[in-house]
Amino acid sequence: MTELPISADLIAERNSAHAEALEDDYAALGRKLSRAGIDIDAIKERVAGFSVAVPSWGAGRGGTRFAKFPIAGEPTNIHEKLEDCAVVQQLSRVTPRVSPHFPWDKVSDYKALREEAASLGLGFDAVNSNTFQDQQGQAHTYANGSLAAQDSATRQQAVDHNIECIEIGVQLGSTDLTVWVGDGTNFPGQQDLGRSLDRYLEAASKIYAALPDDWRMLLEHKMFEPAFYSTVISDWGSSILAAQELGPKAKCLVDLGHHAPNVNIEQIVARLHRFGKLGGFHFNDSKYGDDDLDSGSINPHQLFLVFNELVEAELNPRDGFNPSYMIDQSHNVTDPIESMLSSAETITQCFAKAQLVNREALHEAQASNDTMMAFQALRRAYNVDVAPILAKARLEAGGAIDVLEAYRLSQYRSRKAQERKAVGLGAGIV
Ligand SMILES: [Mn+2]
1 MTELPISADL
11 IAERNSAHAE
21 ALEDDYAALG
31 RKLSRAGIDI
41 DAIKERVAGF
51 SVAVPSWGAG
61 RGGTRFAKFP
71 IAGEPTNIHE
81 KLEDCAVVQQ
91 LSRVTPRVSP
101 HFPWDKVSDY
111 KALREEAASL
121 GLGFDAVNSN
131 TFQDQQGQAH
141 TYANGSLAAQ
151 DSATRQQAVD
161 HNIECIEIGV
171 QLGSTDLTVW
181 VGDGTNFPGQ
191 QDLGRSLDRY
201 LEAASKIYAA
211 LPDDWRMLLE
221 HKMFEPAFYS
231 TVISDWGSSI
241 LAAQELGPKA
251 KCLVDLGHHA
261 PNVNIEQIVA
271 RLHRFGKLGG
281 FHFNDSKYGD
291 DDLDSGSINP
301 HQLFLVFNEL
311 VEAELNPRDG
321 FNPSYMIDQS
331 HNVTDPIESM
341 LSSAETITQC
351 FAKAQLVNRE
361 ALHEAQASND
371 TMMAFQALRR
381 AYNVDVAPIL
391 AKARLEAGGA
401 IDVLEAYRLS
411 QYRSRKAQER
421 KAVGLGAGIV
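Its first residue numbered 1, the sequence shown is counted upward by one per residue in UniProt numbering.
Here is the structure:
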């Protein structure tokens, strides 16, 4: 193992400064939970077993459709991105996997890349294909679609790219391919709504056929953007229909921002699980549309309700229960490492709170139509400040009690600003 990016001495020194207060808070919360019949150590063990992947592209400043404002010390290649993701994992101990994106993260030697990641304490999560933008030297443009394009050679090019992603993923130790296409239309009449889905399904089935036995194909739906009139896989309905048509290895991926406003996402989660098609999540938050804001920054209660459904799903597995969790957000105005640290903590908090729900009381209240007590079963869990449980789990796993404090004191970003070449201006990513 190479040396991790943040000084172990710094982490140890700050942890010892916070240790007494943490013990105090943990003991007090333990007594409170004990009165409700909950063993805090058991919850802490659940938290210790939880993890969420970070996207390689999340290490850079994203941007909006209008602009991207780089910061000094931002990563410009997969090696630097891995190093930044290693910082998030070293401090948080909850993000041990990175989700790569191709062709953005292409290298000549994937065996070496896997070893490089492992030396930083990281593995690889789902591989993401990209047929929503053209690359240098590409034979056919995706301007009019990729998997659903009218032109068969364009569709085949998109299929070939996805199969290449699978082949790369096998070398990296991944077992999921996430497919999101921007295919759709901006004008009524631009394409036939039925036949464009036919073309998508035909092309997607060729990718599906190339999946190794232990792989899954995660279909990510998105309501709009870049297409603003219709999108081929626009919602969870289109997604589950496509996944059902493709076969058992095809599952649906729920990006929290990819819905119409005010949609009941936790109900979608329950529906997808009911039919064995819940594949995973891209965590972010939104206020108006697909804003890609930091997870839980706008509506942490919704995130909690999603995890509440996941606990129910785990207790009632249908065709297994193995959703993949990933952060997928665009960091426009923050240091991406700080946003990922903060988001990983928020996501884990919602996971922990969902573990605290008194299921027996909830189910009893539901059975007797006691609406208020059913609601209170959720509300009581949501109201608990679980921060000491997360901090204790982090501490025991070698992370930092106060992740943002340790990160800032390390001056990691300013050190990288000296070492790394400056990032160019440019358009944002979606
Ligand atoms: Mn996403």
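Each residue gets a CB set at the ideal place from its N, CA and C atoms; glycine is no exception.
Ranking I401, F66 and D25 by CA distance to the CA of A12 puts I401 first.
Here Q135 is exposed: its Cβ has fewer than 16 other Cβ atoms, across all protein chains shown, within 10 Å. Looking at the DSSP output, M217 sits in a beta bridge with L177 and A250. Annotation for D328 indicates a beta carbon within 6 Å of some heavy atom of ligand 1.
For V98, the enclosing beta strand (DSSP E) covers residues R97 to S99. Runs of the alpha helix (DSSP H) spanning 4 or more residues and lying entirely within the stretch 126-195 occur at 152-172, in chain order. In the assembly as shown, M372 is an exposed residue. Its beta-carbon has fewer than 16 other beta-carbons within 10 Å. Within 6 Å of the C-beta of H282 there is at least one heavy atom belonging to ligand 1.
When distances are taken from the beta-carbon of D294 to the heavy atoms of ligand 1, even the shortest one reaches 6 Å or more. Taking a contact as a CB-CB distance under 8 Å, the pair V47 and I389 counts as one, their CB atoms being some 6 Å apart. For the 7 Å CB-CB criterion, L218 and G280 form a contact. Short of 7 Å from the beta carbon of K111, and not among the five residues preceding or following it, lie these beta carbons of its own chain, in chain order: Q171. Judged by DSSP secondary structure, M340 falls within the alpha helix (DSSP H) whose first and last residues are P336 to L356.
According to the DSSP assignment, F304 belongs to the alpha helix (DSSP H) that extends over P300 to L315. Measuring C-alpha to C-alpha distances from E396 to each of A27, K44 and G184 identifies K44 as the nearest.
Under the DSSP definition of a beta bridge, H282 partners with D255 and M326. Secondary structure of S34 (DSSP, three-state): helix. Annotated three-state conformation of T231 is strand, per DSSP. Here the stretch 238-252 makes no contact with the stretch 293-301; the two share fewer than three CB pairs at distances below 8 Å. Within the same chain, P70, E74 and T76 come within 7 Å of V423 by CB-CB distance, once the 5 residues on both sides are set aside.
A check of alpha carbon separations from S343 across A158, S119, V52 and L29 identifies V52 as the nearest. Rounded to the nearest whole angstrom, the C-alpha separation of T334 and F132 is 26 Å. L293 is bridged by DSSP to D285.
Ranking S368, G121, L341 and A393 by CA distance to the CA of A406 puts L341 first.
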